[in-house]
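In the numbering used here, the protein residues as written are 19 to 352.
Built from N, CA and C at the ideal position, the CB exists for glycine as well.
Quick caveat: nothing in here was measured; it's all calculated off a predicted structure.
Before any comments, here is the structure.
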């Protein structure tokens, strides 16, 4: 059995669908928070519940007792941990939501894995951990000690916590740094979603960094493929690892880190032009400075991922945006 936390979320929904198609028994966990439209989360869940091998648990990972009871009643073989409080900008407004979910909640997940012999923990990190790094492309072998948002700091903390549990208790754990995921059933607070809604309504879109920022937009199906392949290859110790010259991506413990990104950064203005073409409408742009906590450029080096699992994301932005627009028009009947 596979436990997927955050199964009503954007990536969790897609990962759960893939695992069910592959024939796995999937137990999904989500607290259905109102951070964004709960109706969208329930619509995702409704599709998952159509599958006989899917079981849903409405549980908050920050509730230690409830999560412990779930692990006892349904001990999983694999855990794919995707539940989190997302969003860089919201972390400036409600920081405690991030410590409750991303720190306390993750500790509870680690404790569940520790006491129930989980074969492999795969957990979501983020490209935001690269913070003030300017050496491109971003590599998992680079030091990431200078985050610029609390969200990023909690994701860096997750990597440290997972490594500690791997070292102390031998839990195989792999952290995946996702780069700007987009696609059908996406989060309403993300750029593609908000831009699409505004353009169709004829209202201005906020273009930060005067449109100069670049993002390694990664289509959700590519993320799912990476997760599915990593899951069945439990992290193992690196026999060449040395404390004299420590490699941050590997360890003498069974812990690994990988980037999952399209490794082809796209300028924000080109991204908007691609969306305009898919919608058949022009955007009204409101040019603004770079927001606090945001990276000006994200660009993934996925060499380690490709070497480990024989896959690297490659869906072109034009293809991914077109698929999102088709889903959006169908879901919202526009």
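Tell me whether residue i is buried or exposed, calling it buried when 16 or more other Cβ atoms sit within 10 Å of its Cβ.
i, result
"residue 330", "buried"
"residue 164", "exposed"
"residue 219", "exposed"
"residue 244", "buried"
"residue 27", "buried"
"residue 240", "buried"
"residue 9", "With the chain represented from 19 up to 352, any question about residue 9 goes unanswered, as that position is not in the structure."
"residue 305", "exposed"
"residue 136", "buried"
"residue 228", "exposed"
If you draw a straight line from the C-alpha of residue i to the C-alpha of residue j, how long is it?
i, j, result
"residue 177", "residue 143", "7 Å"
"residue 83", "residue 288", "48 Å"
"residue 114", "residue 172", "11 Å"
"residue 97", "residue 303", "42 Å"
"residue 7", "residue 21", "Because the chain here runs from 19 to 352, residue 7 falls outside it and cannot be looked at."
"residue 112", "residue 256", "39 Å"
"residue 317", "residue 332", "13 Å"
"residue 65", "residue 23", "17 Å"
"residue 238", "residue 55", "19 Å"
"residue 226", "residue 308", "5 Å"
"residue 352", "residue 221", "16 Å"
"residue 122", "residue 80", "6 Å"
"residue 234", "residue 207", "18 Å"
"residue 116", "residue 30", "18 Å"
"residue 284", "residue 210", "13 Å"
"residue 51", "residue 120", "14 Å"
"residue 58", "residue 68", "16 Å"
"residue 230", "residue 291", "14 Å"
What residue does the beta strand (DSSP E) around residue i start on, and which one ends it?
i, result
"residue 197", "Here residue 197 belongs to no beta strand (DSSP E), and DSSP marks it neither H nor E."
"residue 268", "Segment: none, residue 268 is in no beta strand (DSSP E) and carries neither H nor E."
"residue 47", "44 to 48"
"residue 304", "303 to 305"
"residue 20", "20 to 23"
If you follow the alpha helix (DSSP H) that residue i is part of, which residue opens it and which one closes it?
i, result
"residue 292", "286 to 297"
"residue 143", "It is not in any alpha helix (DSSP H) - residue 143 instead sits in the beta strand (DSSP E) that spans 138 to 144."
"residue 56", "56 to 67"
"residue 79", "Looking at the DSSP string, residue 79 is not in any alpha helix (DSSP H), and its letter there is neither H nor E."
"residue 336", "335 to 349"
"residue 130", "123 to 133"
"residue 35", "28 to 39"
"residue 327", "321 to 327"
Less than 7 Å between C-beta atoms, sequence neighbours within five positions excluded: which residues of the same chain meet that for residue i?
i, result
"residue 161", "266"
"residue 181", "269, 271, 273"
"residue 259", "265, 268, 269, 270"
"residue 155", "281, 317, 318, 319"
Between residue i and the rest of its own chain, which residues show a CB-CB distance below 6 Å, the 5 nearest in sequence each way excluded?
i, result
"residue 78", "49"
"residue 134", "89, 93"
"residue 300", "294"
So, at 8 Å on beta carbons, what are the nonlocal neighbours of residue i in its own chain, with the 5 sequence-adjacent residues on each side left out?
i, result
"residue 71", "38, 41, 42, 43, 44"
* Asked: What residue ranges within the segment 89 to 118 form continuous beta strand (DSSP E) runs of no fewer than 3 residues, ordered along the chain?
  -> 96 to 99
* To do: Please list the segments of the alpha helix (DSSP H) lying wholly inside the segment 187 to 266, counting only runs of 4 or more residues, in order along the chain.
  => 209 to 219, 238 to 249
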